[in-house]
Each structure stands twice: as structure tokens, then as C-alpha cells.
Amino acid sequence: MLVGERQSDLIGQTDLLRIPSLSDLTGCDIFVKCEFQNPGGSIKDRAAKQLIEDAMERGELKPGMTVVEGTAGNTGIGLAVVAKAYGLNMLAVMPNDQTPEKERMIRLHGGELMAVDPVPFKNENHFYHTARRLAEERDDCWWANQFENTSNARAHYLHTAPEIWEQMNGNIDVFVSVAGTGGTIGGNSKFFKEQDSTIDVWLADPDGSGIYEFLKTGEYVSHGGSMTEGIGIMRLVENFKQAKIDHAVNLPDQDLVTISRYVRDKDGIVLGSSSALNVAAALAAALRKGAGQRIVTFACDLGERSASKLYNPEYLRGRELNPEPEAIETLFERYRSLGDKVLDVSWNHD
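Using full-length UniProt numbering, the first residue of the sequence shown is number 1, and each one after it goes up by one.
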């Protein structure tokens, strides 16, 4: 049991949960790291803590200052939680098409929210550029810069991955992760490969992200779009450069509907959209590699944060998705024949 002086002291040391239904069906042990147990309800609490603590140690950030960050939501919530613990203020710049659940959480934790129209990254009004500009204009602000600030990946290298390694007694066959900033897959995969180079690292990529195509062709090209928020990158950033990746798979949003309903109904586990993508990719890895694998991925945040999208039939129909899940047997058959849709990439930027 953890005892902390600040709420931020309670970040980390989350539980590892075996998913009974999918594990029993595949003959593999599929585990999720329960990152929704963090005070801010997501894995982004870890990056938020490391970003702020490293900046304070360098003298860039002092009590009374304002942390500014462009975010799809969870990093903004995490930064708001950690900022208050250190006597800081928080300003989150967020696209106005994210779930209202996340907007409410930023404000509930005392953060200020600026909602902006979603625009392409090259547009100067993109939330990333807007946050940078706001921070540069004021002496009392500090820009967290979660994409390029490698304290993000460092949080997972120093803390998340060692926790998993200890919980799994060093017995891991496959590690699966989505990538948003690249910090989670960067820090964790780097640590795991240093411990055991045979661990098979899988990147899960949604439609609308260009990472899969980048790993395949060297160019960022996206197709379609996804309801997953904050997942996917259309440029090479410093945190992602740290990643060590063996395989990549692109999976459609319809599969997230099927996976999320199946584990909810069978196991009582409510996954958010990015977590459902992680679990879907873990299932793909299990079916490709065969029985006996020990596979680890993340339940990234509270599933209730996806209530207005992933669990909203009207929203799903508006995206031309079927609210009724596909039969799990049909999904299994498709995943058994993914073939060359699973990339063998051996990505190692170093």
C-alpha cells in the first residue's frame, strides 16, 4: 500500500490483470496494466509527473508558474493533477472534438481549458502550436511539449516497464502498445529490449494515423479516421525515436466495438477506445504466434471516458460503425488470416 505526501506520489504501482476470456480462448496469457488506477485516471499521469519533476529539478519550472500543454485530454488531466500537487497552475489547449468527459476532468482538477478547432498539424492554429505560442508569450509559463520532451519516455523507462518486469517475473513474450506521443512505447520497449532482446514488441495503429505507413514505406500517410483520441502520429518525434518495434498492425474502429463489448460482457472490464485497440492488437499477436505466449498491454484510462463515443450507438452510427459487435469467432478468423497486414519492421532508430 502506497502512502504519499502529495497525490502525485500515488502515481504508478498499478495492478496487472489477466483477461480471462481472451486468454482462455487463445491459450495465451493476455495481461493489461491497469493504468486507470492512477489519480488522474490514465497512463498519462506518469508522463505528467516526470515532465513536471524533471523541469523543476532543472529550474525551468517554479511554484506559481503555469504549465501549458496541447493535449487530446488525458495528458491535460494528468498535468492538472500533478501541477496542483506542486503549487503550479495548468492551462490545457485541446481540440473541441474530444469527449466532454475529458474536458470536465481537466476543469474538475483545477485546470484551465482552452478549446480550439481541430485543424491539420501544419496549420498554426493547431492545438500543439497554440500551446507553444501561449507559453512563449509569457514568462510565467512553461510548455510541457510532451511529443518532443523525452521526460515522457523516461517516465516509462524508469517506472512503468520495471513495474511490469517485476510483476511478470521477467517472463514476457510480447509487449503491445499504441502510440500517441510515442513516450509509452518508447520508454517501455527500450527497457524490455535491454532486459531480453527476444521480447516481441507490437505497435497497434488506428485508421487516420500514419505510423503504420511510416514503418512500412518511410512516409507518413494516413487513411480514414478513428474515434481513438490522442492515438497516432503524423510525424517523427523524439519520444517515438526511442521505440524498439518488431511488428506493427493497423486495425479498424469496428474491431474496437467487438473487443470492448466482449471483455465487458465476459469479464466485466470496461475498456476505453485506445485500450480496446491495445487489446485487439494483443489478440492479433496471440493468434499469429500461437498458444503459450505471455502478452502485456495497457488499459490506458478509465473506460467511462469513452462513454460518449465508443459506447454511444448514435455516435457509432454517425461514423458508419455498427453498434452491434461482430461475433468473436468471426473476428478470430479474420485475425488468423491477417497475413502481410502485420508488418515485420525491426524499427530501431538508434
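Ideal Cβ placement from N, Cα and C applies to all residues, glycine included.
In this text the structure is predicted, and so the values were computed from the model without any measurement.
Limits of the unbroken alpha helix (DSSP H) element including N250: Segment 244 to 251 is the beta strand (DSSP E) holding N250; no alpha helix (DSSP H) there.
Is Q195 buried or exposed, if buried means 16 or more other CB atoms sit within 10 Å of its CB? exposed
Given this structure, state the Cα-to-Cα distance separating N96 from E229, to the nearest angstrom. 12 Å
One question on the structure: do V93 and A48 come within less than 8 Å of each other, judged by their Cβ atoms? For the pair V93 and A48, the CB atoms are not nearer than the 8 Å cut-off.
Can you give me the C-alpha to C-alpha distance between R317 and P63, rounded to a whole angstrom? So the two alpha carbons sit approximately 47 Å from each other.
Please classify V3 as buried or exposed, where buried requires at least 16 neighbouring CB atoms within 10 angstroms. By the 16-neighbour rule on beta-carbons within 10 angstroms, V3 is exposed.
Distance CB(N348)-CB(K244) smaller than 8 Å: yes
Three-way DSSP call (helix, strand, coil) for E69 in this model: strand
Count the other CB atoms within 10 Å of the CB of F121; is the residue buried (16 or more) or exposed (fewer)? exposed
Assigned secondary structure, M114 (DSSP; H/G/I helix, E/B strand, else coil): Strand.
Using 8 Å as the threshold, is the C-beta distance between V237 and G187 below it? no
According to DSSP, simplified to helix, strand and coil, what is P206? strand
Considering only residues of the same chain and omitting the five flanking positions on each side of Y220, which have a CB-CB separation below 7 Å? If we look at Y220 and ignore the five residues flanking it on each side, its Cβ neighbours are G210, E213, F214, M234, R235.
8 Å contact criterion, which L283 and Y315 should meet: CB distance rounded: Incorrect: roughly 24 Å between the Cβ atoms, too far for contact.
Any chance the segment 259 to 269 sits against the segment 137 to 151, with 3 or more Cβ pairs inside 8 Å? no
Please determine if the segment 112 to 131 and the segment 50 to 60 are in contact, where contact requires at least 3 C-beta pairs separated by less than 8 Å. no
Residues that DSSP places opposite I295 in a beta bridge: I30, V174
Going along the chain, which residues of its own chain have a beta-carbon closer than 6 Å to the beta-carbon of K289, five neighbours each way excluded? Annotation for K289: no residue places its beta carbon closer than 6 Å to its own, counting only its chain and skipping 5 residues before and after.
Around the Cβ of L271, are there at least 16 other Cβ atoms within 10 angstroms (buried) or fewer (exposed)? By the Cβ-count criterion, L271 is buried, with 16 or more other Cβ atoms from all chains shown falling within 10 Å of its own Cβ.
Decide yes or no for the touch test of the segment 65 to 74 against the segment 126 to 138: beta carbon pairs closer than 8 Å, at least 3 of them. yes
Does DSSP put A47 in a helix, in a strand, or in coil? helix
F332 versus A280, V178, P100, S222, residue with shortest Cα-Cα distance: A280
Quick one: give me the first and last residue of the beta strand (DSSP E) that N348 is part of. 342 to 348
Less than 8 Å between C-beta atoms, sequence neighbours within five positions excluded: which residues of the same chain meet that for E60? W142
Which residues in the same chain as N171 place their Cβ atom closer than 8 Å to its Cβ, once the five residues preceding and following it in sequence are excluded? R294
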